[in-house]
Every structure is written in C-alpha cells, then in structure tokens.
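This report concerns only the one structure given below.
In the numbering used here, the protein residues as written are 662 to 994.
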C-alpha cells in the first residue's frame, strides 16, 4: 500500500484545485457561473488529454462525443418523461443512452480512423463528425435540423423546483465529478500497462508493434474512455442544463479546438496541464468578454500564441522542469 500511494501524489494538486473552485463558486455570491465554466473547460481538457496526451493522435472530431452525450440525455428525457413513475430515473436513462451512443461512435471511429495516422486520422475524425451531423439533419432523425426542445417535458415530469436545482447546481456539480474521474483515470492509465503501451505507441508505433504491443487494442481503450467522459460532459453540461439540442450547435468543431488550446496551454500528456490550461483559457475568455465584448477573440489569439511559443511544453511542462530535484516534483505530473 505504501508503495502504491506515492504514484497518486500528482492527483493532490488537481483535486485541490477542483475543491477550491467548487468552494469559491458555492460560497462567493455571483461566482458560480464562472466556476461552472472553468470546470467545463477543465473536464473537457482532462477527457480529451486521455487519448491525445498518451497517443499523440489529435482527434479533431472529439466534439462528436460531446454532441452524442447531449443527444443521449435529450432522448432519455424526451421519450421517458411521460412515465411519471420513473421520476429522476429519466436522467439516469438519459445518461446511460449518452454512454451507449458514445460507445457506438467510439467503436466505429476506432474501426475506421484508428487505422490511420497523422493528418489522415484528423481528417477522418472531422469527416465522421460532419457526416453524422448532416445525416441527422438530412434523415430528420432525432428532430433533424429542428432539434429537440424538452425543457417543458422535464418540468412536467419532475416539477419546476426540482428542475431548477438540477439545471442550476447539480448539472454543474456533476461536471466537477467527471473532471475528477477523468484525472483519476488519466493518472491510473499513466502508471499502468495501458499507459506504458500507449507511450511506446506514441514514440514509435511500428517499433511498438514489433515488440508485441497490440497498438489498436490500447488505442481503442484510451479512445473509448475519452469518448465516455466527453459524452458525460455533454449529457450534463449541455443536455441536462440547457433543455434543448440542435445539431448545428452541438456538432460545431470549435469546441474541439478549445480542447486542443486548453491542453496545449497547460501541457499535453500531463495530469495537471488540462486544469491549468482550463483555468487560463476560461478566465481569459470570461474576463475579456466582460471587459471588451466583441474583441475578446482578437486579443486572446496573440496571448495564446505567446504562451505556447514561450513554453512549447505547456505551463506544467515548464513548471516540472523548474521543480526537478525538489520535494515538490512528486506532486507535478
């Protein structure tokens, strides 16, 4: 037991950051929405980093999982809200559907895209994302381009007071739970056979295969895990919180770009990186939008470029280098 505990020390600053964020949002008036936004970016960064950080594969179609998570929750609420005896169980059913849809998508993408590398993999993921979006719109499934609006059905099934609590607090709180779970799984994979195999794949996939590593198996595990977590964020932060879903809103690729920015700012392949990147990106986006509405993207773009150029390994990578040889080194991963 004593030998296994030290390998989880890097989780301490991550969980501490999430706890501080939660306490600030809960006890400081007017801060909850900003903290919820930060938790959203941290959770997405942690989830996306599980696959990209370990394999080096850049999934530009990651928003597919977030979108399918949103649709899973919306379908569960839309079609099960008529059964009053289910009560809060419709949320559970929606979450299960979100995981099911994410699993189907991840396995399909693993079969098609994970056989490719580099730019070909990225293009294939984008193609799957866009193809699924236009299939939903063109075939008019799940409401087609008109989407699904189910907030009224949710209120009718659970009552306005319960829905207000779910959408204003519990949906955001669940994002904290998903972020913490993503951090734990990331740490566990890093210190397990899966992480070692994926590191070998990232460094030289052909050499790893020669050494007997089943690259497709381990890539699929990481891809599926990352997809589940992304779908969970979509189900709770979008599906439950908003009460509606439109394909033109949830399949937008710029959410994937935000994941990339968050991870690169903090440090790809690190545990603390997505948290630091999420805080930097979320706070900058929030305050610039308040101070200079309409100009935030124009100002934020050069800030990101400066940070990435100054610290190519990310803020946490730079911090690890500075703390090397000190007692604090064991807490930074």
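Positions of the beta carbon are idealized from the N, C-alpha and C atoms, including for glycine.
Just so you know, these numbers come straight off a predicted model, no measurement behind them.
| Item | Value |
| --- | --- |
| Rounded straight-line distance, which links the Cα of residue 911 to that of residue 605 | Any answer about residue 605 is impossible in this case: the structure gives the chain only from 662 up to 994. |
| Reduced DSSP category for residue 922 - H, G, I as helix; E, B as strand; rest coil | helix |
| Span of the alpha helix (DSSP H), counted from its first residue to its last, around residue 630 | Within the shown structure, residues of the chain are numbered from 662 to 994, placing residue 630 beyond reach of any answer. |
| As assigned by DSSP and simplified to three states, the class of residue 810 | strand |
| Best match in 718, 819, 927, 870 for proximity to residue 738 [C-alpha to C-alpha] | 819 |
| Residue range of the unbroken alpha helix (DSSP H) whose run includes residue 790 | 779-800 |
| CB contact below 8 angstroms: residue 986 versus chain D | Absent here is chain D; the protein component of the structure consists of one chain. |
| Cβ neighbour criterion (16 or more within 10 Å) applied to residue 669 | exposed |
| Three-state secondary structure assigned by DSSP to residue 669 | helix |
| Residue 980 to residue 925 span [Cα, whole Å] | 14 angstroms |
| Delimiting residues of the alpha helix (DSSP H) encompassing residue 772 | 750-773 |
| Per DSSP, cross-strand counterpart(s) of residue 740 | DSSP lists no partner for residue 740. |
| Beta carbon of residue 811 nearer than 8 angstroms to that of residue 762 | no |
| Spatial distance of residue 1036 from residue 715 (CA atoms) | Outside the shown range of the chain, which is 662 to 994, sits residue 1036, and nothing can be said about it. |
| Identified DSSP bridge partners for residue 906 | 809 |
| Pairwise C-alpha distance: residue 717 and residue 873 | 20 angstroms |
| Beta carbon of residue 855 nearer than 8 angstroms to that of residue 882 | yes |
| CB of residue 682 within 8 angstroms of CB of residue 698, strictly | no |
| Length of the line joining the Cα atoms of residue 780 and residue 813 | 43 angstroms |
| Reduced DSSP category for residue 853 - H, G, I as helix; E, B as strand; rest coil | coil |
| DSSP three-state assignment for residue 875, whether helix, strand or coil | coil |
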